[in-house]
Structure formats: structure tokens, C-alpha cells
Amino acid sequence: MKIRKKKEKEKKNEKEKGKKIKIETETKKVKGKENKMEKEKVKKNVKKIEKEKRKRKRKSKSKNRSNNQDTEYFTSIPEFYPFFLTEFYNFNFTPFTFNIEMKKKKQQ
1 MKIRKKKEKE KKNEKEKGKK IKIETETKKV KGKENKMEKE KVKKNVKKIE
51 KEKRKRKRKS KSKNRSNNQD TEYFTSIPEF YPFFLTEFYN FNFTPFTFNI
101 EMKKKKQQ
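Position 98 of the sequence shown, counting from 1, maps to 98 under the UniProt record's numbering, and the rest follow consecutively.
Following this line, the structure appears as C-alpha cells:
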């Protein structure tokens with residue numbers, strides 16, 4: 001039984017080798033056309049990648065803008081001089097924490 005299985009496997013391998021050789025010869029005949037197609041595909045992929053990079057940059061810029069808007073108040077308000085700015089901002093004083101509310105009062 002084992003001998004038969006080995007022989008069957010060998011026959012299958014020989015058939016597959018023959019198929020591979022045939023495929024290689026077919027591709028060699030049309031090789032120039034395939035190379036052109038591959039180059040076009042590569043160019044298209046490059047364009048897609050460039051578009052994705054642009055989109056990522058746009059997204060990152062918008063994220064940075066939103067983050068900066070949140071932190072601008074903290075950077076613009078000095079922590080030790082809040083009493084000069086009480087006209088524009090609400091302040092909460094507690095014994096352990098000093099919290100600045102981000103809400104601006106409406107300027108009249």
C-alpha cells in the first residue's frame with residue numbers, strides 16, 4: 001500500500017512540473033505586454049498612496065487644530081494672574097484644586 005501511494009505522489013509531482021514548465025513558456029511569449037501592465041498597476045498604486053497620504057495630512061491638521069483650541073486657553077491664561085481675567089472667564093476656587101472653566105462669558 002505504501003509503495004503505491006509513493007508512486008502516485010511521484011506521478012502527481014511529475015504532472016505538476018510539466019504544467020509549471022508550460023505556464024512559464026506561455027508567459028515568456030507575452031512577457032513584454034505583462035511588464036507594461038505591471039508598470040501601469042504600479043503607477044496607479046503610487047497615485048492611490050499619494051492620495052491617502054494627503055488625506056492623512058488633512059486629518060492630522062484638523063486634529064491638531066482641535067487640540068490646539070482646547071489648550072490655547074491654558075497657555076494664554078497665566079495660572080498665577082487669574083484675577084485680571086475674571087471678566088472673561090469663570091473660575092472655580094477650591095482649597096485643593098484650582099480649576100479653570102473653559103466657558104467664555106459673552107462679551108458685551
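In this text, a Cβ means the ideal position worked out from N, Cα and C, and glycines have one as well.
What you are looking at is a predicted structure, and each value in this text was computed from that prediction instead of being measured.
1) For Glu-50 and Arg-4, I'd like the C-alpha separation in whole angstroms.
2) Straight-line CA distance for Lys-47 to Lys-57?
3) Could you tell me the distance, in whole angstroms, from the CA atom of Glu-14 to the CA atom of Lys-6?
Once the coordinates are examined:
1) 57 Å
2) 15 Å
3) 12 Å
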